[in-house]
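Below: one structure, written as structure tokens.
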Amino acid sequence: MTETTPSPAAPDRSGGQAFPPPSDYAYGQAPPSRPSSPYADQPPRPHRPRRRGVPAVAALALVAGLVGGGAGSAATYFTTRDQAASGAGATALDQSTATIKAASNAPAGSVQQVANKVLPSVVLITISTAQESGNGSGIVLSKDGLILTNNHVAEAAQGEGLSVTFSNGKTAKATVVGADLVTDLAVIKAGGVSGLTPATLGSSADLSVGQAVVAIGSPLGLSGTVTSGIVSALDRPVPSSDSGQSQSTVTDAIQTDAAINPGNSGGALVNMAGQVVGINSSAILSGSGQQEGGSIGLGFAIPIDEAKPIAEQLIAKGHAEHAQLGVAAGTSTGSDGVSGGATLGTVTAGGAAAKAGLQQGDVVTKVDERPVADADALVAAIRSYRPGDKVTLTYVRNGATHTATVTLGTDGGNVQQAGDPSGQDEQGQSRQPSPWSS
């Protein structure tokens, strides 16, 4: 698929006022209406998470986002980097480093034991530039300072003003090693450090709904914050976009009710063995009007099985390649007799889908055994694979169901980065205004 990626979850630039009571959901700043779809009678898509404007002072970054729901209800996905700004929003709190005391008698399998193990491997990331300041979280990958975080945290530093605070209170300047807009991941390097405690990476494939997990990060700049909950859902397509950016990011997310708030972006979601299973990146927060409130138990993390190979590529070459199906797709409207699914609008000649015999108008309903409810679900599913992987697509054509084995292609790592105003896709072609590409 030619990936026109839903943009990464974005930072919130709110600050200055106290949290409103969590009585309702915040719409946040509504994204501009999307250009009309080439698929007739297609119902409006939910608003996609978008980035906020860039303000000044210190503190709250949220994964801005999706507004959706029935009449009278709404919810917004916020990127969870903490950022400051004037105007309505959550108050920036004192960012002094918490004292971390490891208890020698922590019960086996307890949140306390998990915290003791993982806290030394999670850092507070501070961004301070002439344009903005804010915070996020990160996970230590190596003893010499490689740290995994979200792209929407790292990119805000604009190549300067990036620093890291470790669990012992020591700080170090950091630089960006590589960043990936498509998956909202980045690797940074803290300078002049050694002897750090790398996190233990687990496998998100082993997760089950209802399994206990712990989230660790720096909400509102409060480093070393630990919250706990369960895995609420798996394979949740969470779209987010950036105002001013044509691309957006669809995360094939782990959903959790562990409290995730602004500033948690890039922090660790871990299992009860203290293994990192996800990278916290976004949440739906309570609030009213233009104010953003706190967690309502709807947080989202990038699965570690997807994050790890991206991080390895970023470390090795500064960019990452992603699987492509070679199509642009919209959500099926049911007019073709199919309830749900992703309708293929453009099938790229010579691409993976075309080679497997798929055609414009086909409605994809499954990737392997995973149901595809809409275009976002198709994008999220394809992005969970690597270039060269073989997948079985189930699709409907003229009322008949078919299957095809597809060998996924690659984008070659040539994906437009945030801030590129060209308005073109990675092949130099004008972007399709509405359908998502994969």
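Residues are numbered in the working numbering as their position in the sequence shown, beginning at 1, plus a constant of 62.
Yeah, the Cβ is synthetic: ideal placement off N, Cα and C, and Gly gets one too.
Could you pull the start and end residues of the beta strand (DSSP E) that residue i belongs to?
i: H464; result: 462-469
i: Q337; result: 337-347
i: D242; result: 233-242
i: P177; result: Looking at the sequence itself, residue 177 is Ala, so the reference to Pro does not match. Run containing A177: none in the beta strand (DSSP E); it sits in the alpha helix (DSSP H), 173-180.
i: N197; result: 195-202
i: V271; result: Taken as a continuous stretch (DSSP letters only), V271 belongs to no beta strand (DSSP E), as it is neither H nor E.
i: V426; result: 425-429
i: V409; result: 404-409
i: V184; result: 184-190
i: A330; result: 330-332
i: S225; result: 224-227
i: A391; result: 389-393
Looking at the unbroken alpha helix (DSSP H) that takes in residue i, where does it start and where does it end?
i: N367; result: Checking the sequence, you will find Asp at residue 367 rather than Asn. From DSSP, the alpha helix (DSSP H) with D367 extends over 366-379.
i: L440; result: 437-445
i: A416; result: 414-417
i: V458; result: Taken as a continuous stretch (DSSP letters only), V458 belongs to no alpha helix (DSSP H), being part of the beta strand (DSSP E) at 452-459.
i: A248; result: First-last for A248: 247-252, but that is the beta strand (DSSP E), not the alpha helix (DSSP H).
i: V215; result: 213-216
Work out the CA separation of residue j and residue i for me, nearest whole Å.
i: S76; j: M334; result: Residue placement at S76 cannot be trusted, given a pLDDT of 35 that sits under 50; what the coordinates show is reported in the next sentence. Using only the alpha carbons, I get a separation of about 34 Å.
i: V293; j: S343; result: 15 Å
i: T287; j: A411; result: 50 Å
i: L455; j: I250; result: 37 Å
i: D473; j: V434; result: 22 Å
i: V226; j: L247; result: 17 Å
i: A241; j: A462; result: 42 Å
i: N460; j: G336; result: 50 Å
i: I444; j: V400; result: 21 Å
i: N213; j: I341; result: 11 Å
i: P449; j: A168; result: 43 Å
i: N178; j: F228; result: 14 Å
i: P324; j: A218; result: 15 Å
i: V426; j: G396; result: 13 Å
i: Q220; j: G419; result: 43 Å
i: D436; j: A378; result: 34 Å
i: V389; j: D424; result: 11 Å
i: A14; j: A442; result: In the structure as shown, the chain begins at 63 and stops at 500. Residue 14 is therefore absent and cannot be evaluated.
i: V185; j: Q174; result: 18 Å
i: P365; j: S348; result: 24 Å
i: T233; j: V275; result: 28 Å
i: L284; j: Q375; result: 31 Å
i: V409; j: K417; result: 10 Å
i: S270; j: D297; result: 11 Å
i: E194; j: N326; result: 18 Å
i: H464; j: S446; result: 22 Å
i: D511; j: Q422; result: Since the displayed the chain opens at 63 and closes at 500, residue 511 lies outside it and no answer follows.
i: V255; j: V312; result: 34 Å
i: G198; j: P281; result: 8 Å
i: G402; j: G475; result: 31 Å
i: D206; j: G264; result: 21 Å
i: D268; j: I372; result: 19 Å
i: E431; j: G272; result: 21 Å
i: V429; j: L243; result: 23 Å
i: V180; j: A170; result: 14 Å
Considering only the beta carbon of each residue, do residue i and residue j sit closer than 8 Å?
i: V338; j: T262; result: yes
i: V239; j: L208; result: yes
i: G361; j: T393; result: no
i: A277; j: L331; result: yes
i: G413; j: A391; result: no
i: L440; j: A404; result: yes
i: K235; j: G253; result: yes
i: D451; j: P301; result: no
i: V468; j: V453; result: yes
i: P260; j: S183; result: yes
i: L387; j: A415; result: yes
If residue i sits next to residue j, beta carbons under 8 Å apart, how far is it from one beta carbon to the other, in whole angstroms?
i: G328; j: I189; result: With 8 Å as the limit, G328 and I189 do not qualify as a contact, their Cβ atoms being about 11 Å apart.
i: L470; j: A385; result: 4 Å
i: A363; j: A295; result: Not really, about 11 Å apart at Cβ, beyond 8 Å.
i: S266; j: I322; result: Not quite, the Cβ-Cβ distance comes to about 16 Å (not below 8 Å), so this is no contact.
i: G501; j: T191; result: Outside the displayed range of the chain (63 to 500) lies residue 501, so it cannot be described from this structure.
i: G200; j: L210; result: 6 Å
i: A320; j: G291; result: 3 Å
Verify the CB distance criterion: does residue i have a CB-CB separation below 8 Å to chain D?
i: T454; result: Among the chains in the structure shown there is no chain D, since it carries only a single protein chain.
Using a threshold of 7 Å, is the CB atom of residue i nearer than that to any non-hydrogen atom of the ligand FMN?
i: I358; result: This structure does not include the ligand FMN; it has no bound ligands of any sort.
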